[in-house]
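Report on one structure; see the data block that follows.
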Amino acid sequence: MNRRLRLGVNIDHVATIRNARGGLYPDPARAAVEALEAGADGITAHLREDRRHISDADIDTLAAMLAERGRPLNLEMAVTAEMREIALRHRPHAVCLVPERREERTTEGGLDVAGGHNWIAPFVMKLKDAGSRVSLFIGADPMQVEAAARTGAQVVELHTGAFCDAARESRVREAGAHLDALMIAARQAASLGLEVHAGHGIDYDTVEAVAAIPEVVELNIGHFLIGEAIFVGLGPAIRRMRALMDDARGVEA
Ligand code: PXP
Numbered sequence: 001m002n003r004r005l006r007l008g009v010n011i012d013h014v015a016t017i018r019n020a021r022g023g024l025y026p027d028p029a030r031a032a033v034e035a036l037e038a039g040a041d042g043i044t045a046h047l048r049e050d051r052r053h054i055s056d057a058d059i060d061t062l063a064a065m066l067a068e069r070g071r072p073l074n075l076e077m078a079v080t081a082e083m084r085e086i087a088l089r090h091r092p093h094a095v096c097l098v099p100e101r102r103e104e105r106t107t108e109g110g111l112d113v114a115g116g117h118n119w120i121a122p123f124v125m126k127l128k129d130a131g132s133r134v135s136l137f138i139g140a141d142p143m144q145v146e147a148a149a150r151t152g153a154q155v156v157e158l159h160t161g162a163f164c165d166a167a168r169e170s171r172v173r174e175a176g177a178h179l180d181a182l183m184i185a186a187r188q189a190a191s192l193g194l195e196v197h198a199g200h201g202i203d204y205d206t207v208e209a210v211a212a213i214p215e216v217v218e219l220n221i222g223h224f225l226i227g228e229a230i231f232v233g234l235g236p237a238i239r240r241m242r243a244l245m246d247d248a249r250g251v252e253a
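Quick note on our numbering: the sequence shown kicks off at 1 and runs consecutively.
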C-alpha cells in the first residue's frame, strides 16, 4: 500500500465567493498558494461550462503559477469540444473528466463511461497524447470501472458523495453499503491497472473511512475546506485534514 495519500485542494468556491461581488477578491490563486504551503500536493479547479466559479483567466493564472512552482494542476472539466481545446492549450498535469448538467448545484453523479465509451475513449486518447494524466470521475459501479479501464484512462476518481451524505445524515446502514461499494470498486480498479482517487463531499468526519481504502492514492477535497476556512483559516483547515488522512494511513506526521 502506498501509505501517504496525496491531497488535491479544490479552490472553486473561493471563486464562488469572489463572483458573488463580481470583483477580484478573494483570489483563488492566493488560496492555491496557501493550500500548497499548508500541505496540499496539488490544486484542483473545475472550469464549468457556465463559468459559475472558476474562469478562463483563473485557469491561465493557476497554470502559470503552478508550473513555476513545479506543482500539479488537476483540471476538472466536462467532455466537450470547448473544454478539450482549453485542456490541449494548457496541457495540465492532470485532467479529470466529469459529467456536467447546468441545473445541478454540484457534480451529482459519476460519468456514464459505459454508455459513452465511443466518444469518451477518443477524448481520453487526445488528452493523453498531449501529456495529461486522464482521470474519469465515476460512481462505485463495477460496470463503470470496467468501462473506464477500456478507455485507456490512467486513473478513476470514485465519487464519494453518496457515502458522505449518508454518513453525515446518520443513515448508518446506507453509509456502510456505500463504503463497501467504494472499497470493491477501488480493488477492481487497481486490479485493472487504474490509479484510484476519491472525492466529493468529504469532511473531517468522513475522510478517515475513505482514506483507509488501501488502493486510494489521492483525495480531492474542496467545499468543506473552503467553508471551514471561514472559521479557522484555510491553512489550519488543510493541516487538520492532512493530519486525519495521515492518521488513517498510519503515516507519522
Ligand atoms: N472531485 C471531483 C471530480 C469533483 O467534481 C469535486 C467537486 O467539484 C470534488 C472532487 C470536490 O468535491 P467537494 O467540493 O465536495 O469536496
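Beta carbons are placed, not taken as given, at the ideal position from N, Cα and C, and that holds for glycine.
Residue burial classification, residue i (beta-carbon count within 10 angstroms, cutoff 16)
i, result
"Glu82", "exposed"
"Asn256", "With the chain covering 1 to 253 only, the question about residue 256 has no answer from this structure."
"Met143", "exposed"
"Ile230", "exposed"
"Leu24", "exposed"
"Leu192", "exposed"
"Ala87", "buried"
"Arg48", "buried"
"Glu100", "buried"
"Gly201", "buried"
"Asp58", "buried"
"Ala64", "exposed"
"Asp50", "exposed"
Residue closest to residue i, alpha-carbon to alpha-carbon, out of the options
i, options, result
"Val9", "Met241, Glu215, Val251 and Arg48", "Met241"
"Ala98", "Gly199, Glu215, Phe224 and Val207", "The sequence as given places Val at residue 98; Ala does not occur at that position. Minimum Cα distance to Val98 is reached at Gly199."
"Val134", "Ala153, Arg4, Glu76 and Trp119", "Ala153"
"Gly235", "Ala32, Ser170 and His13", "Ala32"
"Ala114", "Pro26, Arg173, Asp41 and Leu136", "Leu136"
"Ala94", "Ile43, Gly109, Leu182 and Pro122", "Ile43"
"Asp205", "Leu192, Ser191, Ala181 and Ala166", "Ala166"
"Pro26", "Ile238, Asn220, Ile226 and Leu244", "Ile226"
"Glu108", "Leu158, Val196, His197 and Arg4", "Leu158"
"Ala140", "Val210, Arg171, Asp58 and Asp60", "Val210"
"Asp203", "Leu194, Leu219 and Gly193", "Leu219"
"Glu37", "Met245, Asp246 and Gly233", "Gly233"
"Cys96", "Glu85, Gly116, Gly70 and Val124", "Val124"
"Leu73", "His53, Asp41 and Arg51", "Asp41"
"Glu208", "Thr160, Arg89, Arg52 and Glu85", "Thr160"
Rounded separation between residue i and residue j - CA only
i, j, result
"Gly39", "Gly250", "17 Å"
"Ala78", "Ile138", "13 Å"
"Gly110", "Thr16", "22 Å"
"Ala122", "Arg91", "Checking the sequence shown, residue 122 turns out to be Pro, not Ala. Rounded to the nearest angstrom, the two C-alpha atoms are 16 Å apart."
"Gly131", "Ser55", "23 Å"
"Lys126", "Gly176", "38 Å"
"Thr151", "Arg21", "41 Å"
"Glu228", "Asn19", "19 Å"
"Ala148", "His197", "13 Å"
"Ala67", "Glu34", "16 Å"
"Leu75", "His46", "6 Å"
"Glu252", "Asp112", "38 Å"
"Leu244", "Ala237", "11 Å"
"Arg4", "Gly222", "19 Å"
"Arg52", "Val172", "34 Å"
"Val14", "Arg105", "16 Å"
Test: residue i CB closer than 8 Å to a CB of chain D
i, result
"Glu218", "Structure shown: chain D not included; a single protein chain is present."
Note to self: Check whether the segment 202-216 and the segment 181-192 are in contact - that is, three or more C-beta pairs closer than 8 Å.
What the structure shows: yes
Next item on the list: At 4 residues or longer, and completely inside the segment 27-55: list those alpha helix (DSSP H) runs for me, N to C.
Entry: Listed in chain order, they are 28-37.
Next item on the list: Please go through the segment 166-219 and give each complete alpha helix (DSSP H) segment of 4 or more residues, from N-terminal end onward.
Entry: 172-191 and 207-211
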